[in-house]
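Presented below is the structure to which this report refers.
Numbering (the working numbering), first residue to last: 1 to 132.
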């Protein structure tokens, strides 16, 4: 199985024998959100018979940043990076006419989370929306 940093691509099969690609962490850390979303973009342009039917992405960058440095500057930096990464991802989906063809759910198990800008600039914004 090929290795990509701390993770490896594993290949399995669902009941219908359709291949399943997934990333398996070998050290308890996920790849960066940008790396994961880059992979998602590659999967979404694959033919429907070959692309995964369910894609899950995990982001622990904020938590790992807070474990190292909880200063306002560090938190603002990681949140800005998170916002930029999501903006680029949703912009890609919009430009490539994929946004209306996928269901996206954002969930958190870290407590309350505020969404200030969920989709690309001038597309749709959710200010002050709280998921509990």
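Ideal Cβ positions, reconstructed from N, Cα and C, are used throughout, including at glycine.
Exercise. What are the start and end residues of each continuous alpha helix (DSSP H) run of 4 or more residues lying completely inside the region 43-87, in chain order?
Worked result: Within the region 43-87, the complete alpha helix (DSSP H) segments of 4 residues or longer fall at 61-68, listed in chain order.
For this session: Taking the CB atoms as reference points, tell me whether residue 90 and residue 33 lie closer together than 8 angstroms.
Result: Numbered from its first residue, the chain shown carries residue 90 at position 90. Numbered from its first residue, the chain shown carries residue 33 at position 33. No, the pair does not count as a contact, with Cβ atoms beyond the cut-off.
Problem set entry | Cα-Cα separation, residue 43 to residue 99 | Translated into positions along the chain shown, residue 43 becomes position 43. Translated into positions along the chain shown, residue 99 becomes position 99. Spanning the two alpha carbons is a distance of roughly 14 angstroms.
Problem set entry | Own chain residues within Cβ distance below 8 angstroms of residue 61, not counting five before or after | Within the chain shown, the letter at position 61 stands for residue 61. If we look at residue 61 and ignore the five residues flanking it on each side, its Cβ neighbours are 32, 33, 78, 81, 82.
Exercise. With 16 as the cutoff for other CB atoms within 10 Å, does residue 36 come out buried or exposed?
Worked result: Within the chain shown, residue 36 is the residue found at index 36, counting from 1. So residue 36 counts as buried.
Problem set entry | residue 67 versus residue 40 - alpha carbon distance | Reading the chain shown from its first residue, position 67 is the one you call residue 67. Reading the chain shown from its first residue, position 40 is the one you call residue 40. For residue 67 and residue 40, the distance between alpha carbons rounds to 27 angstroms.
Exercise. If we count the other Cβ atoms within 10 Å of its Cβ and call it buried at 16 or more, is residue 104 buried or exposed?
Worked result: As a position in the chain shown, residue 104 is number 104, starting the count at 1. Residue 104 should be labelled exposed.
Problem set entry | residue 56 to residue 73 span [Cα, whole Å] | Indexing the chain shown from 1 puts residue 56 at position 56. Indexing the chain shown from 1 puts residue 73 at position 73. Between residue 56 and residue 73, the C-alpha separation is close to 29 angstroms.
Problem set entry | Backbone CA spacing between residue 51 and residue 106 [nearest angstrom] | Counted from its first residue, the chain shown places residue 51 at position 51. Counted from its first residue, the chain shown places residue 106 at position 106. Cα-Cα distance, rounded: 21 angstroms.
Exercise. Alpha carbon to alpha carbon, what distance is there between residue 84 and residue 96?
Worked result: Counted from its first residue, the chain shown places residue 96 at position 96. Counted from its first residue, the chain shown places residue 84 at position 84. Cα to Cα, the separation comes out at about 18 angstroms.
Problem set entry | CA-to-CA distance, residue 64 to residue 48, given in whole angstroms | Locating residue 48 in the chain shown gives position 48, where the first residue counts as 1. Locating residue 64 in the chain shown gives position 64, where the first residue counts as 1. Take the alpha-carbon of residue 48 and the one of residue 64: they are about 35 angstroms apart.
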